[in-house]
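**Student:** My questions all concern the structure below.
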Amino acid sequence: MATPVLQVKNLTTRFKTERGVVTAVDGISFEVAAGETLAIVGESGSGKSVTSMSILRLIPSPPGRIDGGEILFEGEDLLKLSHHEMRRIRGNRIAMIFQDSMSSLNPSITVGKQIAEPITLHRKVSWREANGQACELLKLVQIPDPENRLSAYPHQFSGGMRQRAMIAMALACQPRLIIADEPTTALDVTVQAQILDLLKDLTQKAQTSMILITHDMGVVARYANRVAVMYGGRIVEQGPAREVFNRPRHPYTQGLLGSIPRLDSDPDKPLPAIEGMPPDLSALPAGCAFAPRCAKAGSACRASRPALARASEGHFSACFNA
Ligand code: ADP
Ligand code: MG
Numbered sequence: 463m464a465t466p467v468l469q470v471k472n473l474t475t476r477f478k479t480e481r482g483v484v485t486a487v488d489g490i491s492f493e494v495a496a497g498e499t500l501a502i503v504g505e506s507g508s509g510k511s512v513t514s515m516s517i518l519r520l521i522p523s524p525p526g527r528i529d530g531g532e533i534l535f536e537g538e539d540l541l542k543l544s545h546h547e548m549r550r551i552r553g554n555r556i557a558m559i560f561q562d563s564m565s566s567l568n569p570s571i572t573v574g575k576q577i578a579e580p581i582t583l584h585r586k587v588s589w590r591e592a593n594g595q596a597c598e599l600l601k602l603v604q605i606p607d608p609e610n611r612l613s614a615y616p617h618q619f620s621g622g623m624r625q626r627a628m629i630a631m632a633l634a635c636q637p638r639l640i641i642a643d644e645p646t647t648a649l650d651v652t653v654q655a656q657i658l659d660l661l662k663d664l665t666q667k668a669q670t671s672m673i674l675i676t677h678d679m680g681v682v683a684r685y686a687n688r689v690a691v692m693y694g695g696r697i698v699e700q701g702p703a704r705e706v707f708n709r710p711r712h713p714y715t716q717g718l719l720g721s722i723p724r725l726d727s728d729p730d731k732p733l734p735a736i737e738g739m740p741p742d743l744s745a746l747p748a749g750c751a752f753a754p755r756c757a758k759a760g761s762a763c764r765a766s767r768p769a770l771a772r773a774s775e776g777h778f779s780a781c782f783n784a
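In the numbering used here, each residue carries its 1-based index in the sequence shown increased by 462.
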């Protein structure tokens, strides 16, 4: 087997807060193979963004700190790199796409220049050449009239077009890995699907690996090869997307699958959400963090925390009852 593009081992990231030390990411391990899309899914506050920011070494410190683990990117531990070395990787070999294109793009710089910038930063090319590549990239992400669009400012783009520009920027240096953190959450459903289809198409063509962060199981089903389900800073289930969909083991995953919107459901009715609130990370229970919300929880679940255990080939779940 080829070495995975990314291997995260026992990653732990903590924050010092007024309420004490919060373990936002608690000893998680996962891998992303070449050309593969791994979805990380979970409710708000489960540690998805902290995971992606840890990989990119963008955790604000203080109050945050990566307290342990390894992040092997193409075999090299990113946690051992200097800030300078990290800057050569970010935006180059690992690119990111964030949810909020308005705050990720600079409002006072043209879109063309913002796409050309990482190219001039990481490749030995002239601005003129980089500009030509930016134009090709706009074409690639299907922005009409790219020659003229290069000189537009972000606010002159629609939300969907801005997200396409973000994808163009991410692809500019042909990264090995793209981390897309809820890349379409702010967009309406049709545009969401168009953007994700485009992202899937382009990453597949270039054999780029991707971590796709989402709170939407529908997105996982359609775009991911594998999935890691996060709850309270831990991975509670992990496996091939199809397998996890067809045979979800963890009651939390089952709950998430129960809250997928369906085309025939009444748009005015709220989705059947999982009852109860996500856990307070500064006061996690001794046992399974999901136990207070879990219909199946027994005394064992409240006494100690279940570890991830193999359910089938490549499929793991952290539940005493599954
Ligand atoms: P999500 O799964 O919604 O992306 P995050 O990874 O952003 O969740 O956050 C997980 C938890 O980490 C938050 O609920 C919060 O407790 C903690 N956290 C994240 N960023 C900070 C911060 N800058 N300061 C303190 N705590 C933080
Ligand atoms: Mg997030």
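We put the beta carbon where it would ideally sit given N, CA and C, even for glycine.
1) Quick one: what's got a C-beta closer than 7 Å to D529's C-beta in the same chain, skipping five residues either side?
2) With a threshold of 7 Å (Cβ to nearest heavy atom), would S511 be considered close to ligand 2?
3) With 16 as the cutoff for other CB atoms within 10 Å, does R590 come out buried or exposed?
4) In terms of alpha-carbon separation, which member of Q636, T670, V681 lies closest to T646?
5) In terms of residue numbering, what span does the alpha helix (DSSP H) encompassing L649 cover?
6) Compute every distance between the C-beta of D643 and the non-hydrogen atoms of ligand 2, then say whether any falls below 7 Å.
7) What are the partner residues of R772, as DSSP defines its beta bridges?
8) Could you please give the first and the last residue of the uninterrupted beta strand (DSSP E) stretch that includes L639?
9) Take A592 and list the residues in its own chain whose beta-carbon comes closer than 7 Å to its own, dropping the five residues that flank it on each side.
10) By Cβ distance, which residues of its chain are closer than 6 Å to N554, with the 5 residues on each side in sequence left out?
11) Excluding the five sequence neighbours on either side, which residues of its own chain have a C-beta within less than 8 Å of the C-beta of A771, listed in chain order?
12) Starting from the Cα of D643, find the closest Cα among Q625, P637, E699, R704 and give me that residue.
13) Inspect the beta-carbon positions of L534 and R519 and report whether they are closer than 8 Å.
14) Just to confirm my understanding: we take L649, look at its own chain, exclude 5 residues before and 5 after, and list those with CB closer than 8 Å. What are they?
15) Starting from Q424, follow the beta strand (DSSP E) in both directions and report where the run begins and ends.
16) Whole angstroms is fine: what's the gap from R676's alpha carbon to S523's?
17) Which residue or residues does DSSP assign as beta-bridge partners of D539?
18) When we look at the beta-carbon of Q669 and count the other beta-carbons within 10 Å, is it buried (16 or more) or exposed?
19) Would you list the residues sitting across from G701 in a DSSP beta bridge?
20) Taking the alpha carbon of C597 as the reference point, which residue from P608, V603, V587 has its own alpha carbon closest?
21) Could you give the C-beta distance for K758 and P713, rounded to a whole number, given that I count them as a contact under 8 Å?
22) Indicate whether K471 and E532 have their beta-carbon atoms separated by less than 8 Å.
23) In this structure, how does DSSP classify I521 when only helix, strand and coil are distinguished?
24) Taking M631 as part of the alpha helix (DSSP H), name the residues at either end of that continuous run.
25) Determine the contact status of R767 and C756, defining contact as a CB-CB distance below 8 Å.
26) Please name the residue or residues paired with T499 in a DSSP beta bridge.
27) With hydrogens ignored, establish whether the beta-carbon of L674 is closer than 7 Å to any heavy atom of ligand 1.
**Tutor:** On the basis of the supplied data:
1) Here the question's residue 529 lines up with position 67 in the sequence shown. Correct list, in chain order: T474, T475, R476.
2) For this step, residue 511 is matched to residue 49 along the sequence shown. Within the cutoff, so yes.
3) Translated into the one-based positions of the sequence shown, residue 590 becomes position 128. R590 should be labelled exposed.
4) Your numbering for residue 646 matches position 184 in the sequence shown. Considering only alpha carbons, the answer is V681.
5) What you label residue 649 is simply residue 187 of the sequence shown in a count that begins at 1. In the DSSP assignment, L649 falls outside any alpha helix (DSSP H), carrying neither H nor E.
6) Residue 643 sits at position 181 when you count from the first residue of the sequence shown. Correct: D643 has its Cβ closer than 7 Å to ligand 2.
7) The residue given as residue 772 occupies position 310 in the sequence shown. Its beta-bridge partners are F778.
8) Walking along the sequence shown from the start, residue 639 turns up at place 177. Note, L639: beta strand (DSSP E), 639 to 643.
9) The sequence position of residue 592 within the sequence shown is 130, counting from 1. So the qualifying residues of the chain are A578, I581, T582.
10) The residue labelled residue 554 in the question sits at position 92 within the sequence shown. Here N554 has H584, C635 as same chain residues with Cβ atoms under 6 Å from its own Cβ, once five neighbours each way along the sequence are excluded.
11) By 1-based counting over the sequence shown, the position of residue 771 is 309. If we look at A771 and ignore the five residues flanking it on each side, its Cβ neighbours are F778, S779, A780.
12) Taking the sequence shown and counting its residues from 1, one reaches residue 643 at position 181. For the options Q625, P637, E699, R704, the alpha carbon positioned closest to that of D643 is the one of Q625.
13) As a first step, residue 534 is located in the sequence shown; it is residue number 72 there, counting from the start. As a first step, residue 519 is located in the sequence shown; it is residue number 57 there, counting from the start. Not in contact: L534 and R519 (Cβ atoms no closer than 8 Å).
14) Stepping through the sequence shown from its first residue, residue 649 is reached at position 187. Cβ within range, chain order: G621, G622, Q625, I657.
15) Nothing can be reported for residue 424, as the shown portion of the chain is limited to 463 through 784.
16) Counted from its first residue, the sequence shown places residue 676 at position 214. Counted from its first residue, the sequence shown places residue 523 at position 61. For the sequence presented, residue 676 should be read as Thr rather than Arg. T676 and S523 have their alpha carbons spaced roughly 25 Å apart.
17) Indexing the sequence shown from 1 puts residue 539 at position 77. DSSP lists L534 as partners of D539.
18) Translated into the one-based positions of the sequence shown, residue 669 becomes position 207. Exposed.
19) Residue numbering aside, residue 701 sits at position 239 when the sequence shown is read from its first letter. Among the bridge pairs identified by DSSP, G701 is matched with V689.
20) For the purposes of this step, residue 597 is taken as the residue at position 135 of the sequence shown. Answer by Cα proximity: P608.
21) One-based indexing of the sequence shown puts residue 758 at position 296. One-based indexing of the sequence shown puts residue 713 at position 251. Contact check for K758 and P713: beta-carbon distance about 5 Å, within the 8 Å limit, so the pair qualifies.
22) Along the sequence shown, one-based indexing puts residue 471 at 9. Along the sequence shown, one-based indexing puts residue 532 at 70. One thing to note: K471 has its Cβ within 8 Å of the Cβ of E532.
23) As a first step, residue 521 must be located in the sequence shown, where it is residue number 59. Looking at I521 - three-state DSSP - the assignment turns out to be coil, as it is neither helix nor strand.
24) Start at 1 with the first residue of the sequence shown, and residue 631 comes out as number 169. Residue range 621 to 633 is occupied by the alpha helix (DSSP H) that includes M631.
25) On the sequence shown, residue 767 is found 305 positions in, with the first residue counted as 1. On the sequence shown, residue 756 is found 294 positions in, with the first residue counted as 1. No; because the gap between Cβ atoms is not below 8 Å, this pair is not in contact.
26) Within the sequence shown, the letter at position 37 stands for residue 499. DSSP, once it has assigned bridges, lists M672 as partnering T499.
27) Your numbering for residue 674 matches position 212 in the sequence shown. Outside the cutoff, so no.
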